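Engineer: Below: one structure in structure tokens.
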Ligand SMILES: Cc1cc2nc3c(=O)[nH]c(=O)nc-3n(C[C@H](O)[C@H](O)[C@H](O)COP(=O)(O)OP(=O)(O)OC[C@H]3O[C@@H](n4cnc5c(N)ncnc54)[C@H](O)[C@@H]3O)c2cc1C
Ligand code: FES
Ligand code: FES
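Protein chains in written order, with my numbering: chain A, 3 to 286; chain B, 126 to 285.
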């Protein structure tokens with residue numbers, strides 16, 4: 003199908019975006035990589051009157067290392083994240099996740115900010131953001147505020163971003179020397195949205211887990227930090243019993259929905275399987 | 126507001142200017158405005174890869190990018206890379222290895238394979254499969270496509 007008619011504005015400054023959002027409110031939509039938005043427009047799932055293309059706004063497209071944080075501009079493409087030596091060294095969990103996002107032609111356009119703002123519960127980056135303890139920087143005409151990833155995702159495609167705000171960057175703490183990462187997902191075809199997946203980062207000190215953050219995607223209406231499983235691992239060395247304790251705790255953490263991939267019970271089973279896999283990898 | 130836009134871009138080496146509805150996506154633009162019908166339209170949801178086009182050197186989904194977004198850009202379609210002989214070896218290998226039947230998917234596969242070999246000159250079969258995972262072929266079963274890409278990778282390496 004073809005999208006319903008709309009007007010297109012190539013914004014060159016954030017102020018221009020704020021003006022257009024003021025003027026058009028709900029009838030305007032921000033266009034970043036377009037890799038989710040264009041598909042919904044083509045399907046006529048949404049029919050905005052104005053698209054505000056933010057791709058040409060300066061200052062939103064760089065990856066920087068500053069004050070112990072990796073700052074990823076909202077317009078950084080998935081393919082640029084994949085090629086970044088800063089990400090590979092200082093935010094390795096992000097580097098592990100990105101090759102699983104869609105396919106090359108889509109990674110060449112899709113943006114980090116778009117993926118976070120869209121907040122698909124099956125997407126990799128929202129869950130990774132929770133595991134690494136990222137902050138998101140939001141800007142509106144009245145200023146800038148920072149929201150922790152842990153407070154950002156409120157429900158199905160629902161976030162703490164207000165309608166007059168633009169997500170301008172994500173800030174990820176440089177990985178501490180004692181922390182390790184692991185990532186795994188199950189998908190029918192490489193690049194498809196995952197059936198379920200888990201991103202993990204945390205301390206492995208003298209063989210024992212500490213402050214471990216397992217974050218799941220495709221396991222509920224939003225990315226989920228597995229608080230009970232993470233607590234079950236605290237201070238424990240890797241063992242069959244530790245894995246079983248974390249797996250059993252998942253019942254309290256996850257609430258997967260039945261979807262085209264299968265029933266909720268199947269997803270709970272797969273959650274246990276991938277938990278065992280990431281813990282084994284972390285213990286290596 | 127005006128639902129039309131004026132755009133000027135370079136397509137296969139030639140500058141073109143048009144006034145078009147803003148909602149026109151890039152693959153429809155090259156097919157209907159420029160009559161370059163080698164890029165195909167399958168799903169219009171980014172899933173099949175039939176609409177693959179190169180913009181500023183990188184492959185994109187032609188159905189998920191507006192022509193308006195390509196204002197000022199350099200665009201190459203399958204016609205462009207065919208005429209320049211850039212992918213002549215891939216085309217020959219696809220032909221000889223029977224890596225196409227109906228041909229609907231082929232332009233997308235050729236552009237995708239070309240980007241793979243630019244990034245990774247000697248990919249393993251698994252790497253080839255992962256890279257072409259975003260392109261659907263309903264005829265060949267992929268085996269012959271992987272063979273053809275693998276062969277060209279080898280030929281290009283040998284020629285260096
Ligand atoms: C076939 C296919 C497979 C895919 N598979 C995966 C996958 O496996 N995993 C995955 O994570 N993603 C997948 N994607 C989605 C892809 O990663 C998108 O790029 C991403 O979800 C959205 O980013 P975008 O830049 O394209 O955003 P857009 O599509 O431009 O925007 C998405 C939404 O976010 C809003 N928005 C965008 N940027 C901002 C901003 N800076 N501030 C405020 N609001 C903003 C837009 O208004 C829109 O509502 C897939 C897409 C396709 C077509
Ligand atoms: S038509 Fe664009 S991906 Fe199918
Ligand atoms: S040759 Fe027919 S779809 Fe690929």
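Even glycine gets a Cβ: it sits at the ideal position worked out from N, Cα and C.
In this text, all values refer to a predicted model and were calculated from it rather than measured experimentally.
For a contact meaning CB atoms closer than 9 Å, what does residue 184(B) contact in chain A?
Structural biologist: As a working mapping, residue 184(B) is identified with position 59 in the second chain. What residue 184(B) touches in chain A: 106, 107 and 110.
Engineer: Can you find a CB in chain A that lies within less than 8 Å of the CB of residue 256(B)?
Structural biologist: As a first step, residue 256(B) is located in the second chain; it is residue number 131 there, counting from the start. Taking Cβ atoms only, chain A reaches closer than 8 Å to residue 256(B), which makes this a yes.
Engineer: Under 8 Å between the Cβ atoms of residue 195(B) and residue 180(B)?
Structural biologist: What you label residue 195(B) is simply residue 70 of the second chain in a count that begins at 1. What you label residue 180(B) is simply residue 55 of the second chain in a count that begins at 1. Closer than 8 Å, so yes.
Engineer: Is residue 144(B) helix, strand or coil by DSSP?
Structural biologist: Numbered from its first residue, the second chain carries residue 144(B) at position 19. Looking at residue 144(B) - three-state DSSP - the assignment turns out to be strand.
Engineer: What is the C-beta distance between residue 163(B) and residue 175(B), in whole angstroms, given that I count them as a contact (C-beta under 8 Å)?
Structural biologist: Along the second chain, read from residue 1 onward, the residue named residue 163(B) stands at position 38. Along the second chain, read from residue 1 onward, the residue named residue 175(B) stands at position 50. Between residue 175(B) and residue 163(B) the Cβ distance is about 11 Å, and since that is not below 8 Å, they are no contact.
Engineer: Taking Cβ-Cβ distances shorter than 7 Å, what residues in chain A pair up with residue 146(B)?
Structural biologist: Here residue 146(B) corresponds to residue number 21 of the second chain, with the count starting at 1. By Cβ distance, chain A contributes 7.
Engineer: Cβ of residue 231(B) within 7 Å of any heavy atom in ligand 3?
Structural biologist: Within the second chain, residue 231(B) is the residue found at index 106, counting from 1. Yes, the beta carbon of residue 231(B) sits closer than 7 Å to at least one heavy atom of ligand 3.
Engineer: Quick one: using the 10 Å Cβ neighbour count with 16 as the cut-off for buried, is residue 180(A) buried or exposed?
Structural biologist: Here the question's residue 180(A) lines up with position 178 in the first chain. Exposed.
Engineer: Give me the pocket residues for ligand 2, defined as CB within less than 7 Å of any heavy atom, sorted by chain position.
Structural biologist: In chain order, the qualifying residues are 152(B), 166(B), 167(B), 168(B), 169(B), 170(B), 171(B), 172(B), 173(B), 174(B), 175(B), 176(B), 186(B), 187(B), 188(B) and 189(B).
Engineer: Between residue 112(A) and residue 37(A), is the Cβ-Cβ spacing less than 8 Å?
Structural biologist: Within the first chain, numbered from 1, the residue matching residue 112(A) stands at position 110. Within the first chain, numbered from 1, the residue matching residue 37(A) stands at position 35. A contact, by the Cβ cut-off of 8 Å.
Engineer: Mind checking if residue 223(B) is an interface residue toward chain A, Cβ cutoff 8 Å exclusive?
Structural biologist: The residue given as residue 223(B) occupies position 98 in the second chain. No, residue 223(B) does not count as interfacial toward chain A.
Engineer: Mapping the DSSP letters down to three states, classify residue 232(A) as helix, strand or coil.
Structural biologist: Here residue 232(A) refers to the residue found at position 230 of the first chain. Note: residue 232(A) maps to helix in three-state DSSP.
Engineer: Looking only at DSSP bridge pairs, what is residue 150(A) linked to?
Structural biologist: One-based indexing of the first chain puts residue 150(A) at position 148. Residue 150(A) is bridged to 137(A).
Engineer: With DSSP as the reference, label residue 74(A) as helix, strand or coil.
Structural biologist: If you number the first chain from 1, residue 74(A) lands on position 72. Strand.
Engineer: Where residue 218(B) and residue 146(B) are concerned, what is the direct C-alpha to C-alpha distance, given to the nearest angstrom?
Structural biologist: Working through the second chain from its first residue, we reach residue 218(B) at position 93. Working through the second chain from its first residue, we reach residue 146(B) at position 21. Using only the alpha carbons, I get a separation of about 39 Å.
Engineer: What number of angstroms, rounded off, separates the C-alpha of residue 246(B) from the C-alpha of residue 257(B)?
Structural biologist: Within the second chain, the letter at position 121 stands for residue 246(B). Within the second chain, the letter at position 132 stands for residue 257(B). Taking the straight line from one Cα to the other gives about 15 Å.
Engineer: Grab me the residues of residue 280(B)'s own chain with a C-beta within less than 7 Å of its C-beta, minus the 5 sequence neighbours each way, in chain order.
Structural biologist: Along the second chain, one-based indexing puts residue 280(B) at 155. Only 214 meet the Cβ criterion.
Engineer: Say yes only if the C-beta of residue 36(A) is nearer than 7 Å to one or more non-hydrogen atoms of ligand 1, and no if none qualify.
Structural biologist: Here the question's residue 36(A) lines up with position 34 in the first chain. Residue 36(A) Cβ: within cutoff of ligand 1.
Engineer: If you measure from the CB of residue 237(B), is any heavy atom of ligand 3 nearer than 7 Å?
Structural biologist: On the second chain, position 112 is the one that residue 237(B) refers to. For ligand 3, not one heavy atom lies less than 7 Å from the Cβ of residue 237(B).
Engineer: Compile a chain-ordered list of the residues in the segment 154-175 of chain B whose CB is closer than 7 Å to at least one CB of chain A.
Structural biologist: Going along the segment 154-175 of chain B in chain order, one finds 169, 170, 171 and 174 with a Cβ nearer than 7 Å to chain A.
Engineer: Using beta carbons (cut-off 8 Å, strictly below), is residue 208(B) in contact with chain A?
Structural biologist: Residue mapping note: residue 208(B) aligns to position 83 of the second chain, counting from 1. Cβ-Cβ to chain A under 8 Å: no for residue 208(B).
Engineer: Flag residue 168(A) as yes when its Cβ comes closer than 7 Å to any non-hydrogen atom of ligand 1, and as no otherwise.
Structural biologist: Against the first chain, residue 168(A) aligns to sequence position 166. Checking the Cβ of residue 168(A) against ligand 1 gives yes.
Engineer: Mapping the DSSP letters down to three states, classify residue 98(A) as helix, strand or coil.
Structural biologist: As a first step, residue 98(A) must be located in the first chain, where it is residue number 96. The answer is helix: DSSP assigns residue 98(A) an H, G or I state.
Engineer: Take residue 242(A) as the anchor and find which of 18(A), 273(A) and 281(A) has the nearest alpha-carbon.
Structural biologist: For the purposes of this step, residue 242(A) is identified with residue 240 of the first chain, where counting begins at 1. Nearest option by C-alpha distance: 281(A).
Engineer: How should residue 10(A) be labelled, buried or exposed, when 16 other C-beta atoms within 10 angstroms of its C-beta is the threshold for buried?
Structural biologist: Residue mapping note: residue 10(A) aligns to position 8 of the first chain, counting from 1. With 16 or more Cβ atoms within 10 Å of its Cβ, residue 10(A) is classed as buried.
Engineer: Answer yes or no: does any C-beta atom of chain A fall closer than 8 Å to that of residue 211(B)?
Structural biologist: Mapped onto the second chain, residue 211(B) falls at position 86. It does not; no Cβ of chain A falls within 8 Å.
Engineer: Taking the alpha carbon of residue 267(B) as the reference point, which residue from 277(B), 278(B) and 253(B) has its own alpha carbon closest?
Structural biologist: As a working note, residue 267(B) is residue 142 in the second chain. The option with the nearest alpha carbon to residue 267(B) is 253(B).
Engineer: Quick check: the Cα distance between residue 232(B) and residue 246(A), rounded to an integer number of angstroms?
Structural biologist: Residue 232(B) sits at position 107 when you count from the first residue of the second chain. Residue 246(A) sits at position 244 when you count from the first residue of the first chain. Their backbone Cα atoms lie some 50 Å apart in a straight line.
Engineer: Does any residue of chain B have a CB that is nearer than 8 Å to the CB of residue 124(A)?
Structural biologist: Along the first chain, one-based indexing puts residue 124(A) at 122. So no, residue 124(A) is outside the interface.
Engineer: Per DSSP, residue 10(A) is paired with what?
Structural biologist: Taking the first residue of the first chain as 1, we reach residue 10(A) at position 8. Partner(s): 53(A).
Engineer: Is any heavy atom in ligand 3 found nearer than 7 Å to the beta carbon of residue 215(B)?
Structural biologist: Mapped onto the second chain, residue 215(B) falls at position 90. Because no heavy atom of ligand 3 lies under 7 Å away, the Cβ of residue 215(B) does not count as near it: no.
Engineer: Please state whether the Cβ-Cβ distance between residue 22(A) and residue 56(A) is less than 8 Å.
Structural biologist: Residue numbering aside, residue 22(A) sits at position 20 when the first chain is read from its first letter. Residue numbering aside, residue 56(A) sits at position 54 when the first chain is read from its first letter. Contact: no.
Engineer: Who pairs with residue 142(A) in a beta bridge, going by DSSP?
Structural biologist: As a first step, residue 142(A) is located in the first chain; it is residue number 140 there, counting from the start. Per DSSP, 145(A).
Engineer: Taking C-beta pairs closer than 8 Å, name the residues in chain B that residue 52(A) reaches, listed in chain order.
Structural biologist: Here the question's residue 52(A) lines up with position 50 in the first chain. Ordered by position in chain B, the residues that pass the 8 Å Cβ test against residue 52(A) are 126.
Engineer: If you reduce the DSSP assignment to three classes, tell me which class residue 157(A) lands in.
Structural biologist: For the purposes of this step, residue 157(A) is taken as residue 155 along the first chain, with counting starting at 1. If DSSP states are grouped into helix, strand and coil, residue 157(A) belongs with the strands.
Engineer: Starting from residue 191(A), find everything on chain B with Cβ-Cβ shorter than 8 Å and list it in chain order.
Structural biologist: For this step, residue 191(A) is matched to residue 189 along the first chain. By Cβ distance, chain B contributes 258.
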